[in-house]
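Visitor:
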Amino acid sequence: MADIVIKNVSFTYPNGHLAVENINLEIKQGENVAIVGQNGAGKTTLVKMMNGLNKPTLGDVFVGDKNTRDYTTAQISRSVGYVFQNPDDQIFHSTVEEEVRFGPAYFKLPLEEENRRVEYALEITGMDEFRNTNPFDLPLSIRKFVTIAAVIAMDTDVMIFDEPTAGQDIDGNRRLAHILEALHEKGKTVITISHDMEFVASYFDRVIVMATKHLVREGTPKEIFWDFDSLEKAMLKQPYVSRVCKALGIEGNVISVDEAVDRILNK
Amino acid sequence: MSTIMECKNVTYQYPLTDKPTLKNINIKIEKGKVYGVVGENGAGKTTFCAVLRGFAPSFYQGELQGEVELEGKNIVEYGGDISTRIGYVFQNPFTQISGVKDTVYEEVCYGLENFGVPVDEIDRRVREVMKLTNIESLAMQNPFEISGGQMQRVALASVIVLEPDVLVIDEPTSQLDPEGTESVFEVIKAMKEKHKTIVLVEHKIDLIAEYADEVIVFKDGEIVAHGPTEDILSDMSLLKKGVNLPQVAVLCSKLKEKGLPLEKIAVTDKEAVRVIEKALKERG
Chain A
1 MADIVIKNVS FTYPNGHLAV ENINLEIKQG ENVAIVGQNG AGKTTLVKMM
51 NGLNKPTLGD VFVGDKNTRD YTTAQISRSV GYVFQNPDDQ IFHSTVEEEV
101 RFGPAYFKLP LEEENRRVEY ALEITGMDEF RNTNPFDLPL SIRKFVTIAA
151 VIAMDTDVMI FDEPTAGQDI DGNRRLAHIL EALHEKGKTV ITISHDMEFV
201 ASYFDRVIVM ATKHLVREGT PKEIFWDFDS LEKAMLKQPY VSRVCKALGI
251 EGNVISVDEA VDRILNK
Chain B
1001 MSTIMECKNV TYQYPLTDKP TLKNINIKIE KGKVYGVVGE NGAGKTTFCA
1051 VLRGFAPSFY QGELQGEVEL EGKNIVEYGG DISTRIGYVF QNPFTQISGV
1101 KDTVYEEVCY GLENFGVPVD EIDRRVREVM KLTNIESLAM QNPFEISGGQ
1151 MQRVALASVI VLEPDVLVID EPTSQLDPEG TESVFEVIKA MKEKHKTIVL
1201 VEHKIDLIAE YADEVIVFKD GEIVAHGPTE DILSDMSLLK KGVNLPQVAV
1251 LCSKLKEKGL PLEKIAVTDK EAVRVIEKAL KERG
């Protein structure tokens, strides 16, 4: 179990740039959370503190009972996996399978367990068909799934996906949704950064809104996407279907197409 | 409107591959229009862009059959001058940044310097474009030390500053937040107002619905649909061909299925509000 507790946390980069300021946040084991906000709001800096890649300049980050200050990134990353925004920052093997196998092999698990994890990760991400392919022969959007598979194979309690929806087509988004659901069922904590508001509205229980280094608000998608004050602060927009309902004067904080259909027909 | 570019029976195969990536492409691109190019990843969208600009086959090698024409003349005949006529913004901004300039300002100047434009004019045009693309504050930064989203805007600026007649833009907003994305579309709109022709690959379908005049749908290397934006994006059968459709179009389609008599399937939120309001009023 690895609840994440962030207490009065600020982070300043070595060049003096303050990226995150005084954030308090708790994410329980098993939650499925989206983080939204503008480029430069501090989203990536914040999540990198959750797996120890960044250590807070002020305040404390706890993963389970471990204060990340007292442990190395390698130790923390046994509990918290992070999929980089740019897959090319992460990939360094010449086949998809080797890339995915690296993590579990590093843990020196029994071979049977190592194989089980590798096969599960390849299958759930749809990367089994590319197992012998060089990751760099795959398009960027598919390469992202290789890095997701590599982190899933580590079988950490918490998994962080940084902008997995960037450049994805409809099939890629469906595949992501399927992965999120399967991990959630296994009791994993999944934290996803995304700019795709329709995707966030459809697949998450809890949304964290960040703007200019701060946490603006957290809540359910229904709460967030009808809180115009928070949306404005974070320069975000409602999903399109919500915009239509708003203009039509439909109540009920609609965020999905099916809900909108019901509400409009019963108006 | 007049045809500015045309593909005639174009088939293209990359080197070391066993089948063509583009198959029998026939299309006329009309001057002054914005074309949205959509379809699943791997369908041939980026290759289509590379063929329009002539990178395939001149740079990527491989084999091209058929003809790609600019104003009735094969693009091969333009030689190096083609770069003054067709601008190309790469999907990956890392590919675009020259690597020989130390600041964003110099990077945006680079193309005009190569064209031998007078210094005063370079400065004027670069300042104007940096303002338009909202990168003025980055002027003195190293182009490789800015964020992915910022780099995408620098890449776009360094191409539109050349004022080519045709702009081919491959997924310019993949790294951008919603606000940054809309600002890129505003830039595209401004280019359209200058009568530029724009071919744009983009997954954010709701924005294609708002800004594109026509949509071209690729699947498995072929054009499977092409026409006015509203006609194409209201066709629910495309969902089965790997094409995302605007959320409001799906909404309208479902309302219609359930018996609400909408005059059409709208593809933008404003149109959706109008047709739904009208249908509700008529229903009483």
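Chains as they are written, first to last, in the working numbering: chain A, 1 to 267; chain B, 1001 to 1284. Backbone N, C-alpha and C define an ideal beta-carbon position, used for all residues, glycine too.
1. Kindly list the residues whose CB is nearer than 6 Å to the CB of Leu183/A, restricted to its own chain and excluding five residues on each side of it in sequence; keep chain order.
2. If you drop the 5 nearest sequence neighbours on each side, which residues of the same chain put their C-beta closer than 7 Å to that of Tyr203/A?
3. Spatial neighbours of Thr1047/B within its chain, please: CB distance less than 7 Å, with the 5 preceding and 5 following residues excluded, ordered by chain position.
4. With three or more beta-carbon pairs closer than 8 Å as the criterion, would you say the stretch 218-226 of chain A touches the stretch 60-80 of chain A?
5. Tell me the rounded alpha-carbon separation between Leu18/A and Asn39/A.
6. Please go through the same chain and pick out, in chain order, the residues whose beta-carbon is closer than 7 Å to the beta-carbon of Lys233/A, but skip the five residues on each side of it.
7. Can you check the stretch 77-165 of chain A for any beta strand (DSSP E) of at least 3 residues that lies completely inside it and give the ranges in chain order?
8. What does a CB cutoff of less than 7 Å around Val1034/B pick up in its chain, not counting 5 residues either side in sequence?
9. Confirm the yes/no value for this check: CB of Phe136/A, any heavy atom of the ligand NAD, distance under 7 Å.
10. 8 Å is my cut-off, CB to CB: does Asn1026/B come that close to chain A?
11. Assign Lys43/A to one of two classes, buried (16 or more other C-beta atoms within 10 Å of its C-beta) or exposed (fewer than that).
12. How would you write the range of the alpha helix (DSSP H) that His214/A sits in, first residue to last?
13. Is the beta carbon of Ile1135/B closer than 8 Å to that of Gln1150/B?
14. What does Pro1246/B touch in chain A if you count any residue whose Cβ is under 8 Å from its own?
15. Which residues in chain A have a C-beta closer than 9 Å to the C-beta of Asn1237/B? List them in chain order.
16. I'd like to confirm the pairing. Which residues does DSSP put opposite Leu1167/B in its beta bridges?
17. Let me see if you follow: with CB-CB separation under 8 Å, is Asn39/A close to chain B or not?
18. Between the Cα of Met159/A and those of Thr57/A, Ser77/A and Glu21/A, spot the shortest distance and give me the residue it belongs to.
19. At 4 residues or longer, and completely inside the stretch 1090-1128 of chain B: list those alpha helix (DSSP H) runs for me, N to C.
20. Are Met1130/B and Val1108/B touching if we call contact CB-CB under 8 Å?
21. If the cut is a Cβ gap below 8 Å, which residues of chain B does Asn86/A touch?
22. Got a sec? Which residues, its chain only, sit under 8 Å from Gly219/A by beta carbon, not counting five neighbours each side?
23. Would you mind stating whether Asp169/A and Glu1171/B have Cβ atoms separated by less than 8 Å?
24. Roughly how many angstroms lie between the CA atoms of Ala105/A and Val200/A, to the nearest whole one?
25. Chain B partners of Glu198/A, CB-CB under 9 Å?
26. Which partner residues does Pro1228/B have in the DSSP bridge list?
27. Out of curiosity, what's the CA-to-CA distance linking Asn134/A and Glu97/A?
28. Compute the beta-carbon to beta-carbon distance between Val244/A and Val1273/B, rounded to the nearest angstrom, for a pair I have assumed lies under 8 Å.
29. For Lys1254/B, would you say it is in contact with chain A, using Cβ-to-Cβ distances shorter than 8 Å as the test?
30. Contact between the stretch 1154-1164 of chain B and the stretch 1098-1117 of chain B: three or more CB pairs below 8 Å?
31. Locate the beta strand (DSSP E) running through Gln1013/B, then write down its first and last residues.
32. Cutting at 6 Å between CB atoms, please list the residues of its own chain near Leu58/A, excluding the five before and the five after it.
33. Are the CB atoms of Pro1178/B and His214/A nearer to each other than 8 Å?
34. Would Ile1290/B and Ile1216/B be called neighbours here (beta carbons separated by less than 8 Å)?
35. What does Ile1188/B touch in chain A if you count any residue whose Cβ is under 9 Å from its own?
36. Taking its Cβ as the centre, do 16 or more other Cβ atoms sit within 10 Å of Arg143/A, making it buried, or is it exposed?
Guide: Taking the coordinates as given:
1. Sequence-distant partners of Leu183/A (beyond 5 residues in either direction) whose C-beta falls short of 6 Å from its own C-beta, in its chain, are Val190.
2. Within its own chain, the residues whose Cβ lies closer than 7 Å to the Cβ of Tyr203/A, once the five positions on either side in sequence are excluded, are Ala177 and Leu180, listed in chain order.
3. The answer, listed in chain order, is Tyr1012, Thr1021, Leu1022 and Ala1056.
4. No contact exists between the stretch 218-226 of chain A and the stretch 60-80 of chain A.
5. Rounded to the nearest angstrom, the two C-alpha atoms are 15 Å apart.
6. Ala211 and Val216, listed in sequence order.
7. Segments of the beta strand (DSSP E) lying fully in the stretch 77-165 of chain A: 80-83 and 158-162.
8. Closer than 7 Å at Cβ, skipping near neighbours: Ile1188, Lys1192, Ile1198, Leu1200, Tyr1211, Ala1212 and Asp1213.
9. In the structure on display, the ligand NAD does not appear, and there are no ligands present to speak of.
10. Chain A contact via Cβ: absent.
11. Classification for Lys43/A: buried.
12. For His214/A, no alpha helix (DSSP H) segment is defined; the enclosing uninterrupted segment is the beta strand (DSSP E) at His214 to Gly219.
13. Closer than 8 Å, so yes.
14. Per Cβ cutoff of 8 Å: Tyr240.
15. The amino acid at residue 1237/B is misidentified as Asn; the sequence shows Ser. Simply none; closest approach about 14 Å.
16. For Leu1167/B, which the question treats as bridged, DSSP gives the partners Gly1087/B and Ile1198/B.
17. Judged by the 8 Å Cβ criterion, Asn39/A is in contact with chain B.
18. Distance check between Met159/A and each of Thr57/A, Ser77/A and Glu21/A places Ser77/A closest, using alpha-carbon atoms only.
19. Segments of the alpha helix (DSSP H) lying fully in the stretch 1090-1128 of chain B: 1093-1096 and 1104-1114.
20. Val1108/B sits close to Met1130/B, with the two beta carbons spaced by under 8 Å.
21. Correct list: Gly1148.
22. Arg206, Val207 and Asp227, listed in sequence order.
23. Cβ atoms of Asp169/A and Glu1171/B: not closer than 8 Å.
24. Ala105/A and Val200/A: Cα-Cα distance of roughly 34 Å.
25. When 9 Å is used as the limit between beta carbons, Glu198/A is near these residues of chain B: Asp1206 and Gln1247, in chain order.
26. Paired residues: Glu1214/B.
27. Taking the straight line joining both Cα atoms gives about 9 Å.
28. The beta-carbon separation of Val244/A and Val1273/B, rounded to 6 Å, stays under the 8 Å limit for a contact.
29. Yes - at least one Cβ of chain A is within 8 Å of the one on Lys1254/B.
30. Result yes; three or more Cβ-Cβ pairs closer than 8 Å.
31. Run containing Gln1013/B: Thr1003 to Gln1013, per the beta strand (DSSP E) assignment.
32. Excluding positions up to five away in sequence, the list reads Ser10.
33. Contact flag unset, no.
34. Nothing about residue 1290/B can be reported from this structure: the residues present for chain B run from 1001 to 1284 only.
35. Neighbours of Ile1188/B on chain A: none; closest Cβ ~18 Å, over 9 Å.
36. Label assigned to Arg143/A: buried.
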